[in-house]
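Numbered per my numbering, the sequence shown spans residues 428 to 606.
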Amino acid sequence: MTHSLQKATLGGGCFWCTEAIFQEIRGVENVVSGYSGGTVPGHPTYREICSGLTGHAEVVQITFNENVISYEDLLTIFMTTHDPTTLNRQGADKGTQYRSIIFYHDETQKQVAHKVIEKVSALYDDPVVTEIAPLTIFYEAEAYHQNYYRNNQAQGYCSFVISPKLAKFRKNHNDKLKR
């Protein structure tokens with residue numbers, strides 16, 4: 428079996444939460460927090476993203492081994508670990524930077540994204556509003572955003588938002604965890 432690394436770029440609210448989840452998945456080699464999908468050229472800053480004026484979403488770019496975990500499985504985990512039915516919001520985080528979005532890297536990923544959204548839609552009472560868009564450019568976020576949960580577990584947001592989300596993820600996707 429060849430070692431086949433692929434990339435996935437996903438936005439599901441705060442990238443600290445999304446990063447923490449995907450770092451625990453077997454077959455995921457690397458997770459980088461960043462920004463994508465904006466209309467303002469150039470590398471945006473976190474402050475600019477938070478203004479809502481750039482159009483960028485907080486995203487993670489995941490490097491994964493498709494021989495260990497499929498893109499479809501990654502998307503299923505993604506769609507079930509955030510609320511894909513709320514427009515431009517995740518919990519108390521509000522704004523277009525927190526939108527639910529799948530940036531596909533090729534036509535196969537686009538098709539899989541549509542398939543997964545159709546499949547998981549039955550799990551929710553409200554319509555899924557997750558966008559599907561081609562990845563044009565990914566900007567890596569500032570260094571202090573990388574590995575945020577691992578480096579700041581005692582911080583309030585981590586304790587009260589990310590830790591419970593991780594506990595739920597671990598319970599519901601135990602078979603996908605790194606051992």
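Every residue gets a Cβ at the ideal spot worked out from N, C-alpha and C, and that includes glycine.
In this structure, Phe530 and Gly461 do not form a Cβ contact; the two beta carbons are roughly 11 Å apart against a cut-off of 8 Å. As DSSP reads the structure, Glu558 sits in a beta bridge with Ile528. Distance check between Phe565 and each of Ile448, Tyr576, Cys585, Pro468 places Pro468 closest, using alpha-carbon atoms only. Residue environment for Leu550: exposed (fewer than 16 other C-beta atoms within 10 angstroms of its C-beta). Within the DSSP bridge table, the entry for Asp510 names no partner. In the three-state scheme derived from DSSP, where H, G and I count as helix and E and B as strand, Gln580 is classed as coil. In the structure shown, Thr490 adopts extended strand secondary structure according to DSSP, grouped into three states.
With a cutoff of 9 Å on beta-carbon distance, Val458 and Glu475 are scored as not near each other. With a cutoff of 9 Å on beta-carbon distance, Ile504 and Lys603 are scored as near each other. C-alpha of Leu514 to C-alpha of Asp552: approximately 14 Å in a straight line.
In the DSSP assignment, Asn599 falls within the alpha helix (DSSP H) that extends over 590-599. Beta bridge pairing from DSSP links Lys521 with Arg516.
By the Cβ test, the stretch 579-588 is not in contact with the stretch 530-541, since fewer than three Cβ pairs between them sit closer than 8 Å.
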